[in-house]
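Below: the structure, in structure tokens.
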Amino acid sequence: QSRRLTAVDIANRKGGEPIVSLTAYHAHTARLVDRHADFMLVGDSLGMVMHGLESTVPVTVEMMILHGQSVVRGSERALVVVDLPFGSYEESPEQAFRTAARVMKETGCGAIKLEGGRHIAPTVRYLTERGVPVLSHIGLTPQSVNTMGGFKVQGRDEAKWPELEADAAAVAEAGSFGVVLEGLVEPLAARITRQVAIPTIGIGASSACDGQILVLEDMLGLSPRVPKFVKTYGRLADAIDSAVGDYAQEVRARTFPAPEYVYGMPKKVASGE
Ligand code: KIV
Ligand code: NA
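First residue of the sequence shown: 6, per the UniProt record's numbering; consecutive thereafter.
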């Protein structure tokens with residue numbers, strides 16, 4: 006049996022030790038994140054972070070599968086969750102199931118994530134009843150950037166709280182094993198965390214949540230611009246800039262490769278000939 010954590014393990018962590026999560030887009034980073042995280046998300050943010058897209062809207066199922074396969078191969082302990090991209094699940098529960106089944110079969114991931122609250126809850130129920138563990142995602146939902154009019158913090162207007170609370174209740178009731186709360190004001194994130202029976206995973210939603218997630222490249226200091234909620238734990242852009250700069254300088258000076266990095270011919274064995 007696999008030593009991997011499952012969606013059920015994550016669900017059982019409600020109210021317990023905070024759940025640790027990060028994104029991972031390929032085997033190399035998955036291997037490192039796997040040592041520390043409870044689950045890793047192959048987020049459709051990869052379209053912006055790895056492929057230079059302006060939003061997550063153009064991301065395809067094929068892109069998610071390619072990155073999902075890489076992350077599953079590079080990890081062994083953490084649960085791997087793969088995002089369903091824009092356009093691959095919103096039409097109907099049947100469309101969502103077809104996409105989710107394909108993603109699970111082709112990547113070997115243990116769960117999928119999709120965006121939306123009350124309107125997508127029937128789909129969440131349809132999937133969970135058919136063996137697909139679903140992580141929900143409400144609040145600031147980047148796939149809706151074009152109808153939201155930008156990436157905006159949610160819940161600043163208290164009159165909107167009941168709608169967001171209803172979204173959380175609906176996806177929890179429909180069987181999600183957890184719900185990502187993105188870009189929510191702290192008091193609302195705290196209220197929702199108290200109200201639902203499943204773990205809330207915050208991103209820009211305060212420490213009141215049952216767990217946290219960040220985009221790995223953002224917290225490593227690799228992303229050129231990051232939102233206010235990102236704490237930078239590393240300075241990888243600086244480290245890469247300095248390493249690549251040193252290499253370029255040594256190549257130009259012909260000091261790299263020095264003799265220790267060079268293949269010579271085998272030593273001739275002295276003989277009587
Ligand atoms: O795509 C993503 O990275 C996400 C997050 C919750 C960070 O959906
Ligand atoms: Na996402």
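Yeah, the Cβ is synthetic: ideal placement off N, Cα and C, and Gly gets one too.
Taking the C-beta atoms as reference points, V129 is found nearer than 8 Å to A179. The alpha carbon of D162 has as its nearest neighbour, out of L225, I143, L193, the alpha carbon of L193.
For G207 and L169, the gap between their C-alpha atoms comes out near 14 Å. Within its own chain, the residues whose Cβ lies closer than 6 Å to the Cβ of Q74, once the five positions on either side in sequence are excluded, are T112, listed in chain order. Between the stretch 113-124 and the stretch 138-157 there are three or more inter-stretch CB-CB distances shorter than 8 Å, so the stretches are counted as touching. Look at M224 here: in three-state DSSP terms it is helix. With a threshold of 7 Å, the Cβ atom of T28 counts as near the ligand KIV, since some heavy atom of the ligand is closer than that. Relative to the ligand KIV, even the nearest heavy atom lies 7 Å or more away from the CB of V87.
Looking at the DSSP output, V25 shares a beta bridge with Q217. For M53, the enclosing alpha helix (DSSP H) has its first and last residue at 51-54. Buried is the label assigned to A42, since at least 16 other Cβ atoms lie within 10 Å of its Cβ. In the three-state reduction of the DSSP assignment, G207 falls in the strand class, which pools E and B. According to the DSSP assignment, M109 belongs to the alpha helix (DSSP H) that extends over 98-112. Remark: C-beta atoms of V66 and S93 approach each other more closely than 8 Å. Taking C-beta separations shorter than 8 Å and ignoring five residues to either side along the sequence, the partners of N151 in its chain run S60, V62, following chain order. Note that the stretch 33-41 does not touch the stretch 228-241; fewer than 3 beta-carbon pairs, one per stretch, sit closer than 8 Å. Under the 10 Å beta carbon count, S212 is surrounded by fewer than 16 other beta carbons and is classified as exposed.
The three-state secondary structure of E95, taken from DSSP, is coil. Within 7 Å of the C-beta of S50 there is at least one heavy atom belonging to the ligand NA. Within the chosen limit of 7 Å, the ligand KIV reaches the beta carbon of L46 through at least one heavy atom. For T34, the CB contacts under 7 Å within the same chain, skipping 5 residues up- and downstream, are L221 in chain order.
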